[in-house]
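Read the structure below first, then the notes.
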Amino acid sequence: MNGTPAKRNFLQENSNMNYTVNKEIDGYKKRAEQGNAEAQCSLGDCYRLGLGVEQDYSKAFKWYQLSAEQGDSNAQFCLGTLYAEGLGVEQNYELAVDWYRKSAEQGNEYAQCCLGDCYGLGNGVEQDYSAAFQWNWLSAEQGNSDAQCRLGVLYAEGLGVEQNLELAADWYRRSADQGNGYAQCCLGDCYRLGDGVEQDYSAAFKWYQLSAEQGDPEAQFNLGSMCEKGLGVERNLELAIDWYRKSAEQDFEEAVEALKK
Numbered sequence: 508m509n510g511t512p513a514k515r516n517f518l519q520e521n522s523n524m525n526y527t528v529n530k531e532i533d534g535y536k537k538r539a540e541q542g543n544a545e546a547q548c549s550l551g552d553c554y555r556l557g558l559g560v561e562q563d564y565s566k567a568f569k570w571y572q573l574s575a576e577q578g579d580s581n582a583q584f585c586l587g588t589l590y591a592e593g594l595g596v597e598q599n600y601e602l603a604v605d606w607y608r609k610s611a612e613q614g615n616e617y618a619q620c621c622l623g624d625c626y627g628l629g630n631g632v633e634q635d636y637s638a639a640f641q642w643n644w645l646s647a648e649q650g651n652s653d654a655q656c657r658l659g660v661l662y663a664e665g666l667g668v669e670q671n672l673e674l675a676a677d678w679y680r681r682s683a684d685q686g687n688g689y690a691q692c693c694l695g696d697c698y699r700l701g702d703g704v705e706q707d708y709s710a711a712f713k714w715y716q717l718s719a720e721q722g723d724p725e726a727q728f729n730l731g732s733m734c735e736k737g738l739g740v741e742r743n744l745e746l747a748i749d750w751y752r753k754s755a756e757q758d759f760e761e762a763v764e765a766l767k768k
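Written out as structure tokens, the structure reads:
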């Protein structure tokens, strides 16, 4: 699925760390050893992130597995991601898909999004854009910004669903409004090109700037181009070069070429 945003650290986002680890770690260990699924998952979080204990992905895997086998959807999702990334266990996309699916079927928005990715990329499962659309839709409807952005990509490219640039722009906007840098860049593209929205260089500049400030190299290049051409902003070659340079430092080829002019 070309143009799909880089995978974010879903594990970090999914962690429920509203506890004082140093005070609670002994309690988690005790309850986890007694078979409490929630405590096992929380202890897995601690080992994965190195909170209150030395970081240890193998131990994180152990506790997530014990919790996941009891049906804890968060642990199932985390276990899937450890398999997908090869952390604490040999990388295995097929098992990642299995655990993502178990979690996703319980309504876990992060697992639904990751399962959608697996179908979109063909990781651990036969590539199926319709299934990618289905799972991302379920996640996006729960407000997951990454899934919303992926829906935008699927609508824009007509993958797994009939192409609809208006709906693509709508989903990009929902995601961009939550601060998703990739979606902000894509929405900037929509306004610059007039895809699914009325062409508006000022709006394009706004969204590119928000994305560029988060470090997106494509947005940085596009922002530089708009500064160079005076589109949506007063022409400013010095600022254009500055944005081209930031993009080029991330090896964005078009920015590298722009600096050679």
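For the numbering used here, add 507 to where a residue sits in the sequence shown, where the first one is 1.
Just so you know, even glycine gets a beta-carbon here, dropped at the ideal spot from N, CA and C.
This structure is a prediction, so every number in the text was calculated from the model and none was measured.
Q | Collapsed DSSP secondary structure at Arg795 in the structure displayed | A | Any answer about residue 795 is impossible in this case: the structure gives the chain only from 508 up to 768.
Q. Does DSSP put Lys736 in a helix, a strand or coil?
A. In the structure shown, Lys736 sits in a helix (DSSP, three-state: H, G or I).
Q. In whole angstroms, what separates the C-alpha of Ser522 from that of Asn581?
A. For Ser522, the predicted structure reports a pLDDT of 48, less than 50, and the residue's modelled location is therefore unreliable. A value from the coordinates is still provided. Rounded to the nearest angstrom, the two C-alpha atoms are 8 Å apart.
Q. Between Asp533 and Gly578, what straight-line distance do the alpha-carbon atoms span, to the nearest angstrom?
A. The alpha-carbon of Asp533 is positioned some 23 Å away from that of Gly578.
Q) So which of Ala719, Ile748, Gln757 has the shortest CA-CA distance to Ala765? A) Measuring from the Cα of Ala765, the nearest candidate turns out to be Ile748.
Q: Report, in whole angstroms, the separation of the C-beta atoms of Ala654 and Gly623, which I expect to be a contact under 8 Å.
A: Contact flag correct, Cβ pair sits at about 7 Å.
Q) Does DSSP classify Glu669 as helix, strand or coil? A) Note: Glu669 maps to coil in three-state DSSP.
Q: Pull up the distance between the alpha-carbon of Ala639 and that of Glu745, whole angstroms please.
A: Whole-angstrom Cα-Cα distance: 43 Å.
**Q.** Contacting residues, own chain, Cβ-Cβ under 6 Å from Glu616 (five flanking each side not counted)
**A.** The residues are Ser646, Gln649, Asn651.
Q) Ser549 to Val632, Cα distance in whole Å? A) Spanning the two alpha carbons is a distance of roughly 29 Å.
Q | Cα-Cα separation, Gly559 to Asp702 | A | So the two alpha carbons sit approximately 49 Å from each other.
**Q.** Under 8 Å between C-beta atoms of Ala675 and Gly695
**A.** Contact flag unset, no.
(Q) So, with DSSP's three-state summary, where would you put Asp624? (A) Helix, per DSSP.
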